[in-house]
Every structure is written in C-alpha cells, then in structure tokens.
Amino acid sequence: MKPVSLGAGFFAFTFSSDSSIIKTLNSELFCKDKEGIRMTPVIGISGNLLTDAVPGTISTTKAYVGNAYIEAVTENHGIPFVIPITEVGLVPYFVDKIDGLILSGGQDVSPLFYGQSEVEESTASLLERDQFELALVKEALKQNKAIFAICRGMQLLNVALGGSLVQNIAELNTFTHMQNMPVHEATHPIYTIEGTQTAKLLSKRADVNSFHHQSIDRLGTGLVASAYAEDGTIEAVELADRPNVIGVQWHPEMMQFTDQKMKQLFHFFIKNATSEFVMKKRVSNL
Ligand SMILES: [Mn+2]
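Take a look at the structure:
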C-alpha cells in the first residue's frame, strides 16, 4: 500500500475500491468510507493450538487461527490481533487492548464446563483452550467489548453464560449439519426471529454453511435464540440487552466474499466495536 499525504500528519492508505485507512502521526488508524470517518478498531481473534507437526518447521506445537478470520477483519476495516492460548492471568490485559472479540471455531467445548460427562461419540476437546476462552469471554462481557462468536465460539459463549450443549445432534437422512461441500458453499437455510438484530442483518432467511455436530441445548442467561434451522437447531444468538454481542453457528468468514449478508455481519460487528467511549479516548490522545 502506498501512503498518500493528506497534510498535518495524516496519511491515507488505499484499502479497497470504496474506502481507505487514514493513519495519524501517533499511529492511530481511521477508516474513511461512504459512511464517513471512524476509528479503526482492534479486533482480538481467539487462537488455537496446533499439535500436529508441520513439514519444514521444528516446533511441535504452534499458536494459530484460520486466516479467513483475519481476512474478514481487514476487509471490514478492523485491525486483526490474534490472542494465543496462554496464562489466564493475562486475559484482562488482552481484553483491555482490544475493541472487539471474535471467538473462533474449533474443538468441542468440554461438557465438564456445563456439568455433564462426555458421551462416547464426542470428539476431543482442549481443556486449556476452554479455560482460557471462558475467562476471555467473561472479561470481554465485563469490559463491555463487542463480541462475535462463531461456531464453537457461539457454543462457548452459551456455556460461559451458564447454558448447555447437545453433545451430538441426531442427524436425519435428509438434513445434515456436517457438510461435505466446500466451506464457502451454503448447504442449509436458517430462519431468523422477527425483531432480533440477526433478522435486521440477514432478513427472514439466509443460506449458510454448516460444520458442527453439537448445538445449543439450554440457553445461557440473557441469550436469545435469533435464528433456527428447520430441524429446530439454534443457529444464531444475541444478548438481549447488549446489541454488540452476537453469535452464529455457521462460518460467515468462509462466505463473506461470496455472500453480501455474511459480509454484513462482520461490518455490523466491527462498526459496533468502536464504541463512543473508545472514540473519545482515542481522539483525546491525538
Ligand atoms: Mn447448521
């Protein structure tokens, strides 16, 4: 990206065809698009731990996250910041540094965290990740940060708020939540609940991809189911009194380049992440 000077310490970077990022002298970033100029929020993305060997590298464990989450953040004018699974004591520090949090997909949440023992068919969970992310989501709620919870992330948000999960969805021959089709392809519809934020963003129906064998059973405190699949599976949630907390059971980061509705979810979340408070705090530092 080639910076263009706007004078008085402001520089513009062309970001995509209809927008640009403006950098000030003290390295704050603003986004300028057809909706105006606003702060560019820092979006934390919860990371995972890879324990499989990667050819050509020497460490046996690696911190990682799917790159589609990072692309979804930059495409919608956020600054991606991957948060590794580490000491729980660092959670308040991480959350203080971010404006919004994406809880990424991955392993099943251990049923120990919602008071059940593991059923035989359930896939392995990663206890360190569960413990770290439960602390992360609770701290993000406490600090009133925007949250976008995706797939496992939505299930984790539910567990953090005292809800429970169906450990294995009974699959009907005609309906599957674990698709074999490519990740960017939708394989089942979801139907939104009128009056919810999800309905405002997606209208009555959206077609989504599906890579889950678990689902929300009992809803956590304050969570509202905002979309269902036709078999009754909860496919989206939001927090009743907090419009900046949303969760979806599918993977919109894999579809945001091919489906405008999926991009709209990220746009909403990232715009919400720049709260009035953050705006004032940053502008006063200029
Ligand atoms: Mn599904």
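FYI, this note's numbering numbers position 123 of the sequence shown as 121, with every residue one higher than the one before it.
C-beta: ideal position from N, C-alpha, C; glycine also.
Evaluate residue i with the Cβ neighbour count: other Cβ atoms within 10 Å of its Cβ, from every protein chain shown; 16 or more gives buried, anything less gives exposed.
i	result
Asp106	buried
Gln258	exposed
Ser57	exposed
Val71	buried
Tyr91	exposed
Met152	buried
Pro180	exposed
Gln141	exposed
Ala51	exposed
Glu131	buried
Ala238	exposed
Residue i: which of the options sits nearest, CA to CA?
i	options	result
Gly193	His186, Ser201, Asp97	Ser201
Gly34	Pro180, Tyr62, His75	His75
Val235	His211, Leu263, Asn166, Lys95	Leu263
Ile214	Ala144, Pro250, Pro109	Pro109
Gln165	Thr49, Arg127, Gly113, Lys143	Gly113
Val135	Leu125, Ser123, Leu154, Glu126	Leu154
Glu126	Ser208, Asp239, Gly45	Gly45
Ile232	Gln212, Thr185, Gly220	Gln212
Ile68	Ala225, Met37, Pro250, Ile167	Pro250
Which residue or residues does DSSP assign as beta-bridge partners of residue i?
i	result
Asp205	Pro187
Val222	Glu236
Ser44	Ile81
Leu163	Ile214
Phe146	Ile100, Ile244
Met176	Phe209
Lys357	The structure shown does not extend to residue 357, since the chain spans only -1 to 284, so no value can be given for it.
Just to confirm, does residue i get its C-beta within under 8 angstroms of one of the non-hydrogen atoms of ligand 1?
i	result
Ala144	no
Ser208	yes
His175	yes
Ala227	yes
His186	yes
Thr58	no
Gln247	yes
Thr231	yes
Taking just the CA atoms, how far does residue j sit from residue i?
i	j	result
Ile41	Val243	14 angstroms
Phe275	Ala227	Residue placement at Phe275 is flagged as unreliable, the pLDDT there being 48, under the threshold of 50; the coordinate-derived value follows with that caveat. Near 37 angstroms, if we compare the C-alpha coordinates of Ala227 and Phe275.
Leu284	Leu27	Summary for Leu284: the model assigns pLDDT 48, below 50, so the residue's position carries little reliability; its value from the coordinates is reported in the next sentence. Their Cα atoms are separated by approximately 11 angstroms.
Phe146	Pro241	11 angstroms
Met(-1)	Met252	Note on Met(-1): pLDDT 46, under 50, position unreliable in the model; the coordinate value appears next. Approximately 25 angstroms between the Cα atoms of the pair.
Cys149	His210	7 angstroms
Ile100	Ala66	12 angstroms
Glu85	Ser123	18 angstroms
Thr219	Ala138	16 angstroms
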